[in-house]
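Read through the structure below, which is laid out as structure tokens, and then see the notes.
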Amino acid sequence: MNENFTGYRLSKGYSPKSIKSQDSYLRHFMRWQRSTQPKGAENLQLLFFLDYLGKEKCSRVHQKNILQAVRIYYDYLIEEGEKESNPAISVRLRNTSSKTKEPPLPAGMLDEIYSWFTGLSLKTERQKQLHKRDGVMLGLLVYQGLGSGDMERLKVKDIQLEKGEIYIPSSRSNASRTLKLEAKQILLIKEYMDNIRPVINPTQEASEQLFTHRKIQDTVSVLASRIKEKYPEVKGSRHIRSSVLMNWLSMYHIRQVQYMAGHRCISSTERYQKENLHDLSEQLQKYHPMK
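Per my numbering, the sequence shown starts with residue 53, numbered consecutively.
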């Protein structure tokens, strides 16, 4: 692969090891293209290629890795002005599990959940402190779409209450971004930072992290379970986050949602768009040239 493509991926946060694996997957696809010279639209060529991999007994994980590498390559070509769209976006491998995708939770319901949770009364002072901390975390999930990994990286300096903004640092998989805080979040965040955070975990007083306790993922998981008791429609924290992103897509341009979600590649955002997807065999039967 050329150096420009390698530089593009490095700028998106992919490690040299990941890039090496992607190159191997892409060479596999390109060798097949040269040997078969498939006809038809590029997305159909990908379907035929995946069908070929299935017949060769390639694992579903291997197929997904190749498809992801092709998506990244076409994202690069779009950025270079060589392509106008990514044909790999419309190609999906059906999940082998029987689970169906849950419908998104409306924005009004997410707002109701936040108001209900933050309005609950607790008995002891310790319970009240922990509950308010959890309320801050719920707000970041419901209004900014943050996952537990995002929350773990947050530092006190990332909260800019005077501007009503929050900065989310980057990670290996996500880009950094600055998002607006909702007015209803600000007072609770300020109370947490000024009065609760310093005493809730005194052994971590010198820490710069916004949330000083360990296992934030477990805390978010328990939080989602508590919400599910009141709102059975909520299937978990990931369901809430995906709902936030899908609601954004109905309000903003997809490029803006890509930034707000911290997605390095537009293809990651496009997965959340509401589409009527068919499984691989159905698509092949419909478009196969021998039909």
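C-beta atoms are modelled at their ideal positions from N, C-alpha and C, and glycine is treated no differently.
By the Cβ neighbour-count rule, E322 is buried, with 16 or more other Cβ atoms within 10 Å of its own. By the neighbour-count definition (other C-beta atoms within 10 Å, threshold 16), H305 is an exposed residue. Take the alpha-carbon of V296 and the one of P158: they are about 8 Å apart. Taking C-beta separations shorter than 8 Å and ignoring five residues to either side along the sequence, the partners of V122 in its chain run Y77, L78, F81, L98 and A140, following chain order. In this structure, the straight-line span from the alpha carbon of I130 to that of N56 is close to 13 Å. In the DSSP assignment, L129 falls within the alpha helix (DSSP H) that extends over R112 to E131.
The DSSP-derived three-state label of L231 is strand. Comparing C-alpha distances from H183 to each of T170, Q89, Y128 and G314 shows the shortest one belongs to T170. A Cβ-Cβ distance of about 6 Å is found for the pair D127 and N138, placing them in contact under the 8 Å criterion. As for any alpha helix (DSSP H) of minimum length 4 sitting wholly inside the region 179-252, the runs are 200-205, 235-243 and 249-252, ordered along the chain. Proximity of the region 197-207 to the region 256-275 meets the contact definition, three or more beta-carbon pairs being nearer than 8 Å.
Restricting attention to K209, S289 and R229, the CA atom closest to the CA of S259 is found in K209. Note on geometry: alpha-carbon atoms of M298 and P156 lie some 7 Å from one another. When the alpha-carbon of V286 is set against those of Y166, D246 and I248, the nearest one is in Y166. Within the same chain, Cβ atoms closer than 8 Å to the Cβ of E136 are found at I130, the five residues on either side in sequence being excluded. The continuous alpha helix (DSSP H) containing F57 extends over residues E55 to S63. Per DSSP, the unbroken alpha helix (DSSP H) holding Q85 starts and ends at P68 to T88. For Y311, the uninterrupted alpha helix (DSSP H) run begins and ends at I306 to A313, by DSSP. The C-beta of V143 has 16 or more other C-beta atoms within 10 Å across all chains shown, which makes the residue buried. Secondary-structure assignment with DSSP links Q261 through a beta bridge to K207. Leaving aside the five residues that flank Q74 on each side, the residues in its chain whose CB is nearer than 6 Å to its CB run, in chain order, A121. Its chain contains L102, L105, G106 and L145 as the residues whose beta carbon lies nearer than 8 Å to that of Q115, once the 5 sequence neighbours on both sides are disregarded; these appear in chain order. The DSSP-derived three-state label of P158 is coil.
Taking the CA atoms as reference points, R185 sits about 45 Å from E132.
When the Cα atoms are used, I211 and I218 turn out to be separated by approximately 5 Å. Annotation for E94: P139 place their beta carbon closer than 6 Å to its own, counting only its chain and skipping 5 residues before and after. S289 has its alpha-carbon roughly 20 Å from the corresponding atom of Y311. In this model, S228 and G65 are separated by some 11 Å (Cα to Cα). In summary, A235 is exposed, with fewer than 16 beta-carbon neighbours lying within 10 Å of its beta-carbon over all protein chains present.
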